[in-house]
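Convert by adding 8 to the 1-based position in the sequence shown; the result is the number in this note's numbering. Working notes for the structure below.
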Amino acid sequence: MGLPDPANVRIYGNGGRMLPLMNNETRKDDLLEMPIFMEKGGDGVFNENDYILFYAEGPVTWKYNTDEKMFLHSVHGFSYYSCYFVTSSPGGKKLKLFRY
């Protein structure tokens, strides 16, 4: 994977939303850490059967509008992609997997 310790993987991003049109509107000013689930296979090594899961929003979304009682389709006006950054440092947010 190219990281010193795969157990310490952290992923950061803000999803695919556009920045506000006006500069005086509130917006996120830093990347948010995304909670992840990591399957390491129990052997202590991140290899071919291991994987990382996280929820990522893309540049095309559907949002429910409660006033109009319908879903609204939103497409990013400047990009077809969302970027997420992978790094390694201890103490990252983890997701717990619930088995039914």
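Where is the CB? At the ideal position from N, CA and C, for every residue including glycine. Small disclaimer: the values here were computed from a predicted structure and weren't measured.
Buried or exposed: residue i, going by 16 or more other Cβ atoms within 10 Å of its Cβ?
i, result
"V83", "exposed"
"R24", "In the sequence under discussion, the amino acid at residue 24 is Gly, which differs from the Arg named in the question. G24 is buried by the Cβ-count criterion."
"V17", "buried"
"F106", "exposed"
"F54", "buried"
"M42", "buried"
For a test of the three-state rule: what should DSSP assign to residue i, helix, strand or coil?
i, result
"N73", "strand"
"F45", "strand"
"S87", "coil"
"L11", "coil"
"M26", "coil"
Which partner residues of residue i appear in the DSSP bridge assignment?
i, result
"T95", "R18"
"V68", "V83"
"K102", "I44"
Where do the N-terminal and C-terminal ends of the beta strand (DSSP E) with residue i fall, by residue?
i, result
"Y59", "Y59 to L61"
Note to self: Counting beta carbon pairs with one atom in the stretch 96-107 and one in the stretch 66-86, are three or more of them shorter than 8 angstroms?
What the structure shows: no
Next item on the list: Spell out a yes or no on whether the stretch 57-74 and the stretch 38-48 are touching, meaning 3 or more CB-CB pairs, one atom from each, closer than 8 angstroms.
Entry: In this structure the stretch 57-74 lies against the stretch 38-48, because at least three pairs of beta carbons, one per stretch, are closer than 8 angstroms.
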